[in-house]
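In our numbering, the protein residues as written are 5 to 233.
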């Protein structure tokens with residue numbers, strides 16, 4: 005009986021929410037959904053004054069100030085609901101999530117709508133189905149033993165816990181395959197080092213553990229191919 009009562013309450017609450025959305029006062033802005041169609045981001049909403057499309061890059065500890073503003077969508081159909089659209093970037097990127105942000109006439113955010121797909125592979129397959137998903141370029145302790153294929157001048161970042169690995173013990177074979185660059189930030193308790201690939205070939209990054217009895221060496225194989233674009 006208690007289950008039946010709870011179910012009835014839930015149905016009534018959902019029904020009330022739907023009724024409010026369908027009968028809400030005119031002029032109340034709302035964002036409904038975000039999808040992809042015909043090489044464009046498509047957003048549906050009501051009484052919106054502006055819609056921005058934002059991408060969250062992959063990586064550890066990405067903060068909001070690192071989110072990528074892909075641009076403002078254009079209103080392609082008025083009425084209820086409105087339809088907004090923004091062309092998808094031509095160049096494949098590594099995005100963990102993509103969302104649309106709706107604004108009212110006063111510039112205030114009224115809501116967000118996310119693509120249902122998450123993760124670099126799923127997002128790349130959705131946005132750029134004719135292209136291979138971008139190669140992974142940020143590696144943590146969980147990626148030890150893996151390999152990646154990238155183009156010349158690509159950047160490879162290794163982030164490892166300081167309690168298990170020493171930054172100074174990292175080695176690359178052959179030694180001239182990559183040049184070190186800087187700018188990446190590590191999570192607390194980790195260190196991070198970034199390298200740029202120099203020439204085609206195969207390089208191996210190795211970091212021995214501080215205590216071999218409890219931790220295995222970190223290894224990463226980087227296959228570098230020519231940039232033919």
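For each residue, glycine too, the CB sits at the ideal point set by N, CA and C. These numbers were taken from a predicted model, which means no experiment stands behind them.
Through-space distance from residue j to residue i, alpha-carbon basis
i           : j           : result
residue 108 : residue 190 : 37 Å
residue 229 : residue 180 : 16 Å
residue 165 : residue 195 : 6 Å
residue 212 : residue 98  : 29 Å
residue 234 : residue 159 : The chain is shown from 5 up to 233; residue 234 falls before or after that span and cannot be answered.
residue 203 : residue 152 : 15 Å
residue 57  : residue 142 : 24 Å
residue 171 : residue 192 : 14 Å
residue 133 : residue 217 : 45 Å
residue 84  : residue 52  : 10 Å
residue 197 : residue 144 : 11 Å
residue 89  : residue 79  : 7 Å
residue 95  : residue 219 : 39 Å
residue 210 : residue 174 : 6 Å
residue 182 : residue 207 : 8 Å
residue 38  : residue 201 : 37 Å
Neighbour-count burial assignment, residue i, 16 or more Cβ in a 10 Å radius
i           : result
residue 105 : buried
residue 184 : exposed
residue 42  : exposed
residue 157 : exposed
residue 68  : exposed
residue 65  : exposed
residue 49  : buried
Strand pairing of residue i, partner residues [DSSP]
i           : result
residue 195 : 164
Practice problem: Within the region 58-111, note down every full beta strand (DSSP E) run reaching 3 residues or more, in order along the chain. | Solution: Those beta strand (DSSP E) runs which fall completely within the region 58-111 and span 3+ residues are 72-76, 78-81, 86-91, 99-107.
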